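Counting in full-length UniProt numbering, the sequence shown runs from 1 upward without gaps. Report on the following structure.
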Amino acid sequence: SARLAPDNLPWLTLSGICVSGTDFSWGDRSHWCVVAYWEEKTRVGRLYSVQEPSLDIFYDLPQGNGFCLGQLNSDNKSQLVQKVRSKIGYGIQLTKEVDGVWVYNRSSYPIFIKSATLDNPDSRTLLVHKVFPGFSIKAFDYEKAYTLQRPNDHEFTQQPWTGFTVQISFVKGWGQCYTRQFISSCPCWLEVIFNNR
1 SARLAPDNLP
11 WLTLSGICVS
21 GTDFSWGDRS
31 HWCVVAYWEE
41 KTRVGRLYSV
51 QEPSLDIFYD
61 LPQGNGFCLG
71 QLNSDNKSQL
81 VQKVRSKIGY
91 GIQLTKEVDG
101 VWVYNRSSYP
111 IFIKSATLDN
121 PDSRTLLVHK
131 VFPGFSIKAF
141 DYEKAYTLQR
151 PNDHEFTQQP
161 WTGFTVQISF
171 VKGWGQCYTR
181 QFISSCPCWL
191 EVIFNNR
């Protein structure tokens, strides 16, 4: 369910999370998630490890700290990608809270989110959820993710399980209700991979 982002929410200053941050290592257990930024089918920049309880991801944020997409060097010359990048603006804030991970939409345009913990566990396909500017959504629930993970299930062993991953697209949606069927067709998107240990 979506909720309005509170006006008095402090936008935390982060230390160590920036475009020039250290390389990510899968052996590092101090992080709670890593973030990858994509333009269509191409990852732009490195994976960013997140240790602080909150991370701002933005294109243009006056006096902002966090993951600035505007500082990444992109070889993509597509007009659509450039247009969407410029609309990211204040972007989003990922916040790890007691009940899960919330995504606050701080931009002037909608964002679109796909997460295994947002949908009915018996559903064959995951829905893409639209989050309007100024609203937030609990994008990830650790407890639900552990419940959904079924290592003894035959179907589980035949395909990779992405329950600890959330996909977020800026401005453009994808899926059954959109012309873009896959997130890799979206101009600008994020992949957030949660530490399951």
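Note that the Cβ used here is the ideal one computed from N, Cα and C, for glycine as well. Small disclaimer: the values here were computed from a predicted structure and weren't measured.
* **First through last residue of the alpha helix (DSSP H) which encompasses residue 86** => 79 to 87
* **Cutoff 7 Å; reference residue 70; Cβ partners in own chain excluding five residues on either side** => 59 and 60
* To do: Within 10 angstroms of the Cβ of residue 177, are there 16 or more other Cβ atoms? Answer buried if so, exposed if not.
  => exposed
* Asked: Counting along the chain, where does the alpha helix (DSSP H) carrying residue 165 start and finish?
  -> Where residue 165 is concerned, there is no enclosing alpha helix (DSSP H), although the beta strand (DSSP E) it sits in stretches over 165 to 170.
* **Exposure of residue 54, with buried meaning 16 or more beta-carbon neighbours within 10 Å** => buried
* **Between the CA atoms of residue 137 and residue 3 - distance to the nearest angstrom** => Its pLDDT being 44, under 50, residue 3 is placed unreliably by the model, and nothing is read from it.
* By DSSP, does residue 134 sit in helix, in strand, or in coil? -> coil
* For residue 143, name the three-state secondary structure that DSSP assigns. => helix
* Asked: Are there 16 or more other CB atoms within 10 angstroms of the CB of residue 83, so buried, or fewer, so exposed?
  -> exposed
* **Classification of residue 181 by the beta-carbon crowding that lies within 10 angstroms, buried from 16 upward** => exposed
* To do: Assign residue 194 to one of two classes, buried (16 or more other C-beta atoms within 10 Å of its C-beta) or exposed (fewer than that).
  => buried
* To do: Out of 148, 91 and 142, point me to the one whose CA is closest to residue 168's CA.
  => 91
* Between the Cα of residue 188 and the Cα atoms of 96, 173 and 179, which residue gives the shortest distance? -> 173
* Mark residue 39 as exposed unless 16 or more other C-beta atoms lie within 10 angstroms of its C-beta, in which case mark it buried. => buried
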